[in-house]
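This note's numbering applies: residue 5 is where the sequence shown begins, and numbers increase by one. Structure record follows, encoded as structure tokens.
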Amino acid sequence: MSAPAYESYKDSGVATIGHMPTSWMIAQLKRIATLVYGDALASELRIPGDVKVFGSNGPVGQHNVANTSEPVIFVGRKGSCGALTWSDDAGFAIDTVYYIDENSSQVNLRWLYWVLHTLGLSQTSQDTGVPGLSREVAHSSPVPLPSSAEQTAIAAFLDRETGKIDALIEAQTRLIELLKEKRQAVISHAVTKGLNLDAPMKDSGIEWVGHVPAHWDVVAVKRMIDLATSGPRGWSDMQSESGSLFFQSQCIGRAMEAVFDNATLITPPDDADAERARLRHDDVVVCITGGRTGAVAHIRELPEASYINQHVCLLRPRGLELSGRFLAYAMFSYAGQEQLSLSMYGLKQGLGLDQVRSHKFTVPPKKEQEAIVSFLDLRFAEFESLICHSEEAITLLTERRAALISAAVTGKIDVRGLVNIESEAA
Numbered sequence: 005m006s007a008p009a010y011e012s013y014k015d016s017g018v019a020t021i022g023h024m025p026t027s028w029m030i031a032q033l034k035r036i037a038t039l040v041y042g043d044a045l046a047s048e049l050r051i052p053g054d055v056k057v058f059g060s061n062g063p064v065g066q067h068n069v070a071n072t073s074e075p076v077i078f079v080g081r082k083g084s085c086g087a088l089t090w091s092d093d094a095g096f097a098i099d100t101v102y103y104i105d106e107n108s109s110q111v112n113l114r115w116l117y118w119v120l121h122t123l124g125l126s127q128t129s130q131d132t133g134v135p136g137l138s139r140e141v142a143h144s145s146p147v148p149l150p151s152s153a154e155q156t157a158i159a160a161f162l163d164r165e166t167g168k169i170d171a172l173i174e175a176q177t178r179l180i181e182l183l184k185e186k187r188q189a190v191i192s193h194a195v196t197k198g199l200n201l202d203a204p205m206k207d208s209g210i211e212w213v214g215h216v217p218a219h220w221d222v223v224a225v226k227r228m229i230d231l232a233t234s235g236p237r238g239w240s241d242m243q244s245e246s247g248s249l250f251f252q253s254q255c256i257g258r259a260m261e262a263v264f265d266n267a268t269l270i271t272p273p274d275d276a277d278a279e280r281a282r283l284r285h286d287d288v289v290v291c292i293t294g295g296r297t298g299a300v301a302h303i304r305e306l307p308e309a310s311y312i313n314q315h316v317c318l319l320r321p322r323g324l325e326l327s328g329r330f331l332a333y334a335m336f337s338y339a340g341q342e343q344l345s346l347s348m349y350g351l352k353q354g355l356g357l358d359q360v361r362s363h364k365f366t367v368p369p370k371k372e373q374e375a376i377v378s379f380l381d382l383r384f385a386e387f388e389s390l391i392c393h394s395e396e397a398i399t400l401l402t403e404r405r406a407a408l409i410s411a412a413v414t415g416k417i418d419v420r421g422l423v424n425i426e427s428e429a430a
């Protein structure tokens, strides 16, 4: 939407703000609000009660005393450095985050919430050397200060317009999830039922697979591969500024692709371990430890010599019997991911090589595998294109949101005539 400018401007004297309306002033944040740290309710002092205790990552317990009024702005301090959350619920007990409430602010609190988005709080550093928000740096931040009436108008305008943008972002996010679900359904059907809808079926003997074409085999991965291995331990110490690519879990892309752009470099020894850990065309890789356990990629192209690390399992299919890409699709499917998930062990997510080797999947004849792969590659590309378009839309909407907030709180646009304060409040 287009918005008018103010009648006259002056130089704010602050590079990040630039020109601002002539009637506005510049004030340091500490002159209009205080970041309060909830350390009075540290964990050892908590007394059980009905009041939620909030820390850097959300609720962390209960207390019998609240130390905030309503509404309140949560400002992340450590892992969520600079993250902003607005809550107009009842009082909270604040533990390891900063907060600003009506008692610690001299301005319209909702307006201040939008201003804080423009101060780059996540870029401040913790005075003690621990990564996190520095209250001293935040308090010294210059803030463009309009009149009380303008604060109210700006807050109402941004509440309304960002609400519209947020709804569009949410719709695109939902669409992405639906596309991913549909993509998985197409893959799962193709690798367990095939492309011939009239093919005679048999019970696969696997609960999460159900019936499969009668002429297909149901086998363990180990029966169809020449090699299953993970990278040698201790190779992380061999990373260097030059050498071969070191393939780690972050190199497994979201769309079953190998992403070498973010691979580190390694100088491996010239021995049997290195030869065993070296990737080849048509290999399949599976993440076997950490948060990405179960992620799958198919090696279609190798830009140069590449070696896996200890957190990645390499599967080398027997080319005459099994297409590596078909195996990757089978393990990427709902049925494949379900089986991998059920095989995970321990408090930390992880898979053993024996569990990967014992992974069961359905195997059609090689020609049928190739037909299924060709079909899925086409459909996969279609879904990926639609997902990318939605992600691009989210990026543009997010940029639009940030630009709108900045323009409103720095006075680049005059929103006073664009909102009816009484109707907005209603």
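The beta carbon of each residue, even a glycine, is placed where N, CA and C say it ideally should be.
Spatial neighbours of residue i within its chain, please: C-beta separation below 7 Å, excluding the five flanking residues on both sides.
i      : result
Val101 : Gly42, Phe58, Gly59, Ser60, Phe78, Val79, Gly80, Arg81
Asp230 : Arg320, Arg322
Ser410 : Thr122
Tyr13  : His23, Met24, Pro25, Thr26
Arg237 : Gln314
Glu374 : Ser327
Cys433 : Since the first and last residues shown for the chain are 5 and 430, residue 433 lies out of range.
Thr72  : Gly95, Phe96, Ile98, Tyr103, Asp105
Keeping to the same chain, check which residues put their C-beta closer than 6 Å to that of residue i; ignore five residues upstream and five downstream.
i      : result
Leu331 : Val288, Pro321
Pro8   : Asp418
Leu326 : Met228
Arg383 : Val190
Gln252 : Asn313
Cys85  : Ser126, Gly136, Leu137
Ile173 : Ile398, Leu401
Arg114 : Ala159
Lys34  : His143
Arg139 : Leu39
Gln176 : Ser394, Ala397, Ile398
Ser91  : Val76
Just list the residues that DSSP pairs residue i with in beta bridges.
i      : result
Asp274 : Paired residues: none, contrary to the question.
Ser248 : Ile270
Val216 : Lys206
Lys82  : For Lys82, which the question treats as bridged, DSSP gives no partner whatsoever.
Val76  : Ser91, Asp105
Val223 : Phe365
Arg282 : Tyr311
Arg320 : Leu231
Thr293 : Gly354
Lys431 : No information on residue 431 is available, as it lies outside the stretch 5 to 430 that the chain covers here.
Gln32  : Pro146
Gln243 : Ile270
Val474 : Lying before the first or after the last residue shown, residue 474 is absent from the chain, which here runs from 5 to 430.
Ile180 : Answer is none; Ile180 lacks a bridge partner.
Val190 : Per DSSP, none; premise fails for Val190.
Val40  : Tyr103
For the beta strand (DSSP E) containing residue i, list its first residue and its last residue.
i      : result
Ser234 : 229 to 234
Met24  : 23 to 25
Please report how far the alpha carbon of residue i lies from the alpha carbon of residue j, in whole angstroms.
i      : j      : result
Glu106 : Glu74  : 7 Å
Ser16  : Thr89  : 28 Å
Pro146 : His393 : 38 Å
Glu432 : Val223 : Nothing about residue 432 can be reported from this structure: the residues present for the chain run from 5 to 430 only.
His23  : Phe161 : 21 Å
Gly198 : Ile169 : 42 Å
Gly257 : Pro272 : 24 Å
Arg405 : Thr166 : 6 Å
Trp118 : Ala159 : 7 Å
Arg187 : Val213 : 17 Å
Ala430 : Ser152 : Low per-residue confidence applies at Ala430: pLDDT is 47, beneath 50, and the placement is therefore not dependable enough to give any value.
Gly53  : Tyr338 : 43 Å
Gly294 : Ser347 : 14 Å
Phe365 : Arg304 : 21 Å
Val76  : Ala19  : 30 Å
His67  : Ala142 : 28 Å
Phe96  : Val40  : 13 Å
Trp28  : Pro150 : 5 Å
By Cβ distance, which residues of its chain are closer than 8 Å to residue i, with the 5 residues on each side in sequence left out?
i      : result
Ser109 : Ile36, Ala37, Thr38, Leu116
Ala276 : none
Leu269 : Gln243, Ser244, Glu245, Ser246, Gly247, Ser248, Leu249, Phe250
Asn266 : Gln254, Cys255
The alpha helix (DSSP H) that contains residue i, what's its start and end?
i      : result
Met260 : It is not in any alpha helix (DSSP H) - Met260 carries neither H nor E in the DSSP assignment.
Met335 : 328 to 336
Val119 : 113 to 120
Every unbroken beta strand (DSSP E) inside the stretch 352 to 419 [3 residues or more]: 364 to 367
Whole runs of the alpha helix (DSSP H) within the stretch 136 to 175, excluding any shorter than 4 residues: 139 to 143
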